[in-house]
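Report on the following structure.
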Ligand SMILES: [Zn+2]
């Protein structure tokens, strides 16, 4: 990990699932501690996951998950000017 936000975005879904390696988890938590953007993103994801789990789905449908991922990546790419 190089500490850049887009790298964490990729892991946030797994982080919320609790399926991440504890080392990576710690990295993410460290990053969240100093990066407000990622904290907001985690909160948004948490709410989405909660909404989905409040319904019939136990986890995010794969289509929604990949759409969400693309959305997040696009957001970050725009924000940080990735070409
Ligand atoms: Zn960040």
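Numbering (this note's numbering), first residue to last: 109 to 191.
Glycine residues also receive a C-beta, built at the ideal position from the N, C-alpha and C atoms.
DSSP three-state label for residue 128, please.
One-based indexing of the chain shown puts residue 128 at position 20. Reduced to three states, the DSSP call for residue 128 is coil.
Do residue 114 and residue 181 have their beta-carbon atoms positioned less than 8 Å apart in this structure?
Sequence index remark: in the chain shown, residue 181 carries index 73 (1-based). Sequence index remark: in the chain shown, residue 114 carries index 6 (1-based). Yes, Cβ-Cβ distance for residue 181 and residue 114 is below 8 Å.
Which residues are close to ligand 1, meaning CB closer than 7 Å to any heavy atom, in chain order?
Per the Cβ criterion, the list is 113, 116, 139, 143, 145 and 146.
Residue 140 to residue 158, Cα distance in whole Å?
Mapped onto the chain shown, residue 140 falls at position 32. Mapped onto the chain shown, residue 158 falls at position 50. The straight-line gap from Cα to Cα measures roughly 20 Å.
Return the CA-CA distance between residue 135 and residue 172, expressed in angstroms with no decimal places.
Locating residue 135 in the chain shown gives position 27, where the first residue counts as 1. Locating residue 172 in the chain shown gives position 64, where the first residue counts as 1. Distance between the alpha carbons of residue 135 and residue 172 is about 26 Å.
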